[in-house]
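In this note's numbering, the protein residues as written are 729 to 1419. Note that the Cβ used here is the ideal one computed from N, Cα and C, for glycine as well. All values derive from a computational prediction rather than experimental measurement. Data block below; observations after.
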């Protein structure tokens, strides 16, 4: 549907734990308003929103999805998000561009890890929220229990608004305690509250009125004077309180029975803010100066791209939030981030995989734009004469990596291009080449995240890869000082080859690398061969004698040698230097070094002991502990990289998904002798196997 004013738009993200019913709720709302002829179902693989093959196979949401739902004279842009931890980058992207959130909580499970994660993300952006308690038609569900959990966890600002009548299989409808009306199943009109629900109305209305009054001085004064607040005052007060996130209404219902859904649509329109209510947005001019853009039509055009889909057949699809002005189809725009002109052919309003073409889009709307070749996620589109750049989305850092190898030569040829197309869709993932091991590392938020990328690589681009745990990028160095000779002598027909060097090696501070020097006296090695000796030392240092890992943090000095006036040449001295370096290292107490990372783990305080014990078992050195907020503890430690490749999976298992961690490189340290011996033996076996 075309809209003419930002006031006719609501942008809402559906967030919550995986499996809480977010996608089913969105699909049912689409069907309820007549936007779809047949309701899509996740468990049958017919979902409009979970249309990706991996989503249909796994029966979970992996990507965010757009669902434009018309209600009355308002376009509700629902951004449905995944609930599983591995795909939280999609939640971050969605919450970056919406004006409010609906937190979906499953009626039997109550508050779960994904509920709290999504809530925290919404809190970071000060987003207004409505809670929808889902599946209340099922056994062992309780609206009252979930409401109590929410109030215990988030305080008295959480208040019941649409209260279910009946429980479990006896669920009949909902009572709106603000308007004192009742709704049954389906898209029904409001009715008077039945006698059996009058007690519910009285109980919950008192709490609602009190909470709303406490957010406004004028209302509070009237309330304390025992004067009744009018419905108009309450609606206005509740809208303001929800907009400012001072009150969070709770709605009960069931998508299966279509109970509470019409109420949810009404409440989204009535209580959640339109784009123009959320106010101006701030960006940067090319000079770096701050610019403010208002969400109005007569402002200069600007939009932010928050999601990219890359299809090998259809091409690129960019999801964009319009922040100011208007954009027409079949027109030019300017990518202010890339400094490239883009041609906008078609503008699309999406309902999952279904598309509706628009002639124009306006400030506040969310649309999809096909085939913008220069545009990626986090880019800003704007008028070329009035450019602005909006801040990028802060995606979660990857914490799980695998080394990938193409299965065949054909796969190798397509691997790089295909991976970069996939990573354009998913900025939470990373691709990097580990120089010392030569491995191509694919990193994601968790094991499932990486697994999805690998399967998409095969399904979308026909590229098959194998995965394995990455090789630890060990290093080699020396702890002592030694001298050794490297002599290369080869006699064939005609001129021979001759190079002779004496090298001294000694340890250097961490991070030094390989330092070369000379102190040759008497011309025993002519100066014109010094560069060849240095080159031989540097090249030989890429594979140390212990296990073939790079040699670091040493100083190598050429101090003597000999040459032949006819047979000596640069190549001979380069080879001699390589031999001399390896001989010197063997005599200088060589040791193996491993990368040490600083890790910061946040977990529920009751699991502190388990986490500490686990870190100790991973050869961790605890640095300190402190509070990370109510009920949370933080532990900092140094841990070898070799011990934490699977920590993302292990921590999730230990904490039920409630733990999180970040790491950063600290330094290289010596590997304990018993472990070093195993690494060296393994490296030698690998070399022998390849021989």
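Requested in this report: Just mark residue 1262 as buried or exposed, buried being the case when its beta carbon has 16 or more other beta carbons within 10 Å.
Outcome: Under this definition residue 1262 is a buried residue.
Query - From 1215, 837, 1356, 845, residue whose alpha carbon lies closest to that of residue 829 - result: 845
Query raised in the report: Short check: CB of residue 1051 to CB of residue 1032, under 8 Å?
Result: yes
Query raised in the report: What residue range is occupied by the uninterrupted alpha helix (DSSP H) comprising residue 1205?
Result: It is not in any alpha helix (DSSP H) - residue 1205 instead sits in the beta strand (DSSP E) that spans 1203 to 1206.
Report task. Could you tell me if residue 1361 is buried or exposed, where buried requires 16 or more neighbouring beta carbons within 10 angstroms of its beta carbon? Result -> buried
Query - Burial state of residue 1217, where buried means 16 or more other Cβ atoms lie within 10 Å - result: exposed
Query raised in the report: Taking Cβ to Cβ, would you say residue 1201 is nearer than 8 Å to residue 1130?
Result: No, Cβ-Cβ distance for residue 1201 and residue 1130 is not below 8 Å.
Query raised in the report: In the stretch 941 to 1009, which residue ranges form an unbroken beta strand (DSSP E) of at least 3 residues, counting only runs that do not cross its ends?
Result: Segments of the beta strand (DSSP E) lying fully in the stretch 941 to 1009: 976 to 980.
Query raised in the report: Taking the continuous beta strand (DSSP E) assigned at residue 1302, which residues delimit it?
Result: First-last for residue 1302: 1298 to 1315, but that is the alpha helix (DSSP H), not the beta strand (DSSP E).
Query - Buried versus exposed, by CB contacts within 10 Å (16 or more), residue 1402 - result: That one is exposed.
Query - Counterpart residues of residue 1237 in DSSP-defined beta bridges - result: Residue 1237 is not bridged to any residue.
Query raised in the report: Which same chain residues, not among the five before or five after residue 944, have their C-beta less than 6 Å away from its C-beta?
Result: 965
Requested in this report: Tell whether a beta-carbon distance below 8 Å holds between residue 1171 and residue 1128.
Outcome: Between residue 1171 and residue 1128, the CB-CB gap stays under 8 Å.
Report task. Please specify which runs of the beta strand (DSSP E), each continuous and at least 3 residues long, are wholly inside the stretch 1000 to 1077, giving them in chain order. Result -> 1009 to 1012, 1018 to 1021, 1030 to 1039, 1043 to 1052, 1054 to 1056, 1059 to 1063, 1068 to 1072
Query raised in the report: By the 10 Å Cβ neighbour count, where 16 or more other Cβ atoms means buried, how is residue 1301 classified, buried or exposed?
Result: Around the Cβ of residue 1301, a 10 Å sphere holds 16 or more other Cβ atoms; the residue is buried.
Requested in this report: With DSSP collapsed to three states, give me the class of residue 1375.
Outcome: helix
Query raised in the report: residue 823: which of 1274, 1365, 1034 sits nearest, CA to CA?
Result: Residue 823 has its Cα closest to that of 1034, out of 1274, 1365, 1034.
Query raised in the report: Which value, in whole angstroms, describes the spacing of the CA atoms of residue 1367 and residue 821?
Result: 31 Å
Query raised in the report: If you follow the beta strand (DSSP E) that residue 871 is part of, which residue opens it and which one closes it?
Result: It is not in any beta strand (DSSP E) - residue 871 instead sits in the alpha helix (DSSP H) that spans 871 to 882.
Query raised in the report: Is DSSP giving residue 755 helix, strand or coil here?
Result: Helix at residue 755.
Query raised in the report: If you count every other CB in all the chains shown that lies within 10 Å of the CB of residue 959, and 16 or more means buried, which is it?
Result: exposed
Requested in this report: Tell me, to the nearest whole angstrom, how far the beta carbon of residue 1252 is from that of residue 1289; I am working on the premise that it is less than 8 Å.
Outcome: 5 Å
Report task. Have a look at 871, 1076, 782 and flag the residue whose alpha-carbon is nearest the alpha-carbon of residue 1058. Result -> 1076
Query raised in the report: For the beta strand (DSSP E) that contains residue 1195, what are its first and last residues?
Result: Residues 1193 to 1196.
Report task. Determine contact between the stretch 766 to 774 and the stretch 736 to 748, defined as no fewer than three beta-carbon pairs at a distance below 8 Å. Result -> Verdict: no, contact absent.
Requested in this report: Verify whether the separation of the beta carbon atoms of residue 1370 and residue 1208 is less than 8 Å.
Outcome: no
**Report entry** As assigned by DSSP and simplified to three states, the class of residue 1121
**Finding:** coil
**Report entry** Ordered list of alpha helix (DSSP H) runs contained in the stretch 820 to 859, each at least 4 residues
**Finding:** 841 to 852
Query - Coil, strand or helix - residue 932 by DSSP - result: In this structure, residue 932 counts as helix in the three-state DSSP scheme.
Query raised in the report: Expressed to the nearest angstrom, what Euclidean distance is found between the alpha-carbon atoms of residue 1359 and residue 1333?
Result: 6 Å
**Report entry** beta strand (DSSP E) segment containing residue 1157, residue limits
**Finding:** No beta strand (DSSP E) holds residue 1157; DSSP gives it neither H nor E.
Query raised in the report: Run through DSSP, which three-state label would residue 794 get?
Result: strand
Report task. Could you tell me the distance, in whole angstroms, from the CA atom of residue 1043 to the CA atom of residue 871? Result -> 45 Å
**Report entry** residue 743 - DSSP class collapsed to helix/strand/coil
**Finding:** Reduced to three states, the DSSP call for residue 743 is strand.
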